[in-house]
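See structure below.
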Amino acid sequence: MIGIKKHIAFIGVVVLISIWIFSGCTPRSQRTDIDSPESGTIHISVDESFRPVIDSQIKVFESQFPKAHIIADYKSEADCFKDLYKDSTRMIIVTRGLSMAEERSYKDSTQISPSWLKVAYDAIAVVVNKDSPDTLFSLAKLSGILDGTTADKELAVFDGTSGSSSFRFLQDSILKGRPFDPKKVFAKDNSNEVLKYVESNKNVIGFVGVSWIGNPEDTAQLSFLTKVKIAAVKCENCEDPAYVMPYQANIMTKKYPLVRGLFYILKENFSGLGGSFANFMTYEKGQLIFRRAYLGPARMDFTIRRATTQ
5 MIGIKKHIAF
15 IGVVVLISIW
25 IFSGCTPRSQ
35 RTDIDSPESG
45 TIHISVDESF
55 RPVIDSQIKV
65 FESQFPKAHI
75 IADYKSEADC
85 FKDLYKDSTR
95 MIIVTRGLSM
105 AEERSYKDST
115 QISPSWLKVA
125 YDAIAVVVNK
135 DSPDTLFSLA
145 KLSGILDGTT
155 ADKELAVFDG
165 TSGSSSFRFL
175 QDSILKGRPF
185 DPKKVFAKDN
195 SNEVLKYVES
205 NKNVIGFVGV
215 SWIGNPEDTA
225 QLSFLTKVKI
235 AAVKCENCED
245 PAYVMPYQAN
255 IMTKKYPLVR
265 GLFYILKENF
275 SGLGGSFANF
285 MTYEKGQLIF
295 RRAYLGPARM
305 DFTIRRATTQ
């Protein structure tokens with residue numbers, strides 16, 4: 005009987021040692037495809053009209069988290085929304101949030117409920133050739149040029165047409181859904197090409213995101229401003245008639261009439277790099293980058309004081 009007990013005890017020890025070897029000493033397989041809030045690589049799709057400011061956001065974020073890499077693909081807003089269905093795209097940055105129908109569609113297709121938030125206010129700048137005598141536009145005048153109902157010689161150029169956020173915004177806000185005149189409105193590949201075309205053609209007005217042209221501290225934008233001019237647009241809600249520029253204060257107070265939002269839409273169901281970048285843009289450092297780019301921070305208090313002269 006004693007011999008049998010010793011034999012059973014020996015078998016028990018062998019089993020315990022085997023469990024220890026296979027569970028403790030053998031490396032466990034770990035997933036390497038999931039990023040963390042401070043490391044990894046993700047792809048995002050960004051409306052091309054936001055490229056200058058989002059480049060700045062990514063540069064500062066990656067300097068804060070050296071092991072994090074955010075690869076931004078700049079394209080039309082319509083293509084950004086299409087990318088949200090792709091597994092490879094973690095976030096898109098566009099000019100609007102999601103409708104309830106879109107939220108349901110993305111959840112059904114991706115099994116993830118996207119989250120979204122407005123993080124800044126942007127504006128569409130109207131630019132003209134440096135030799136153009138006309139630098140003042142009302143919404144009515146812009147409408148007449150865009151739908152061809154006026155005899156003005158000006159042509160309008162966008163960073164794309166059907167997929168462009170600028171194109172969609174002006175069709176919704178100025179034309180109220182009416183069609184553009186195809187003889188007066190045409191497209192270039194991107195905002196940079198729009199600015200170059202306006203530079204070379206006197207009777208053309210261009211529409212670009214203000215982050216391409218509105219930062220007086222950016223040397224590239226200062227270079228553009230020697231070749232084109234930013235036009236003023238008539239304020240629709242001012243007590244006294246006034247034409248205003250897309251300056252930061254006018255964007256924040258909505259005196260400039262062509263103001264739109266800058267939104268992120270995030271597709272992430274764990275604590276990952278996408279959420280970390282979204283939080284970065286939402287809180288102090290990211291909001292200061294928007295302010296430094298002369299956009300309007302949407303999540304941070306912004307005080308405007310009236311200056312007085314002695």
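With our numbering applied, the sequence shown covers 5 to 314. C-beta atoms are modelled at their ideal positions from N, C-alpha and C, and glycine is treated no differently.
Residues that DSSP places opposite residue i in a beta bridge
i, result
"Phe-162", "Ala-191"
"Pro-301", "Ala-124"
"Leu-140", "Ala-236"
"Phe-211", "Val-130"
"Tyr-78", "Val-50"
"Val-248", "Val-237"
"Ser-119", "Leu-270"
"Ala-155", "In DSSP, Ala-155 forms no bridge with anything."
The alpha helix (DSSP H) enclosing residue i, as first and last residue numbers
i, result
"Phe-281", "277–286"
"Lys-111", "104–114"
"Arg-172", "169–177"
"Ser-147", "143–151"
"Ala-82", "81–87"
"Lys-63", "55–68"
"Leu-270", "Segment 263–270 is the beta strand (DSSP E) holding Leu-270; no alpha helix (DSSP H) there."
"Asn-207", "Where Asn-207 is concerned, there is no enclosing alpha helix (DSSP H), given that its DSSP letter is neither H nor E."
Local Cβ density within 10 Å of residue i, reported as buried at 16 or more and exposed below that
i, result
"Ala-297", "buried"
"Gln-34", "Caution applies to Gln-34, whose pLDDT of 41 falls short of 50 and renders its modelled position unreliable; the model cannot decide the point."
"Gly-300", "buried"
"Asn-194", "buried"
"Tyr-287", "exposed"
"Leu-146", "buried"
"Asp-305", "exposed"
"Phe-171", "buried"
"Gln-115", "exposed"
"Phe-294", "buried"
"Arg-55", "buried"
"Ile-75", "exposed"
"Ile-25", "In this prediction, Ile-25 scores a pLDDT of 40, lower than 50, which makes its location untrustworthy; no coordinate-derived value is stated."
"Phe-65", "buried"
"Asn-273", "exposed"
"Lys-271", "buried"
"Asp-402", "Because the chain here runs from 5 to 314, residue 402 falls outside it and cannot be looked at."
"Arg-264", "buried"
"Asn-254", "buried"
"Gly-181", "exposed"
"Ser-22", "Since pLDDT at Ser-22 reaches only 44, below the 50 mark, its modelled position is unreliable, and no value is offered."
"Asn-219", "buried"
"Ala-302", "buried"
Heavy atom of the ligand HEM within 7 Å of residue i beta-carbon
i, result
"Thr-257", "Only the bare structure without any ligand can be found here, which leaves the ligand HEM out of the picture."
Expected contact under 8 Å - CB spacing of residue i and residue j to nearest Å
i, j, result
"Lys-233", "Lys-134", "6 Å"
"Ser-103", "Lys-111", "So it is not a contact: roughly 13 Å between Cβ atoms."
"Gly-152", "Lys-187", "6 Å"
"Ala-235", "Leu-140", "7 Å"
"Asp-138", "Val-130", "No, Asp-138 and Val-130 are not in contact; Cβ-Cβ is about 10 Å, not under 8 Å."
"Ser-60", "Val-212", "No, Ser-60 and Val-212 are not in contact; Cβ-Cβ is about 17 Å, not under 8 Å."
"Val-57", "Ser-168", "That pair is no contact at about 18 Å."
"Ile-3", "Asp-39", "This structure gives no information on residue 3, because the portion of the chain shown stretches from 5 to 314."
"Ser-109", "Lys-206", "About 45 Å; that fails the 8 Å criterion."
"Ile-178", "Leu-199", "Rounded, the Cβ-Cβ distance is 21 Å, inconsistent with contact."
"Val-237", "Tyr-251", "Incorrect: roughly 12 Å between the Cβ atoms, too far for contact."
"Ser-43", "Phe-69", "7 Å"
"Phe-267", "Thr-154", "That pair is no contact at about 34 Å."
"Glu-197", "Lys-231", "With 8 Å as the limit, Glu-197 and Lys-231 do not qualify as a contact, their Cβ atoms being about 13 Å apart."
"Pro-41", "Ser-275", "6 Å"
Where the beta strand (DSSP E) containing residue i begins and where it ends
i, result
"Ile-46", "44–51"
"Leu-226", "Run containing Leu-226: none in the beta strand (DSSP E); it sits in the alpha helix (DSSP H), 223–228."
"Met-95", "93–98"
"Ala-253", "Counting along the chain, Ala-253 falls outside any beta strand (DSSP E), though it belongs to the alpha helix (DSSP H) covering 252–256."
"Lys-233", "232–234"
Chain B within 8 Å of residue i, Cβ atoms only
i, result
"Ala-144", "Among the protein chains of the structure shown there is no chain B, as only one such chain exists."
Touching by the beta-carbon criterion (3+ pairs, under 8 Å), the stretch 161–169 and the stretch 254–261: no
Inter-stretch contact (C-beta, 8 Å, three-pair minimum) for the stretch 73–83 and the stretch 113–123: Result no; under three Cβ-Cβ pairs closer than 8 Å.
The stretch 273–283 / the stretch 86–95 touching (three or more Cβ pairs under 8 Å): yes
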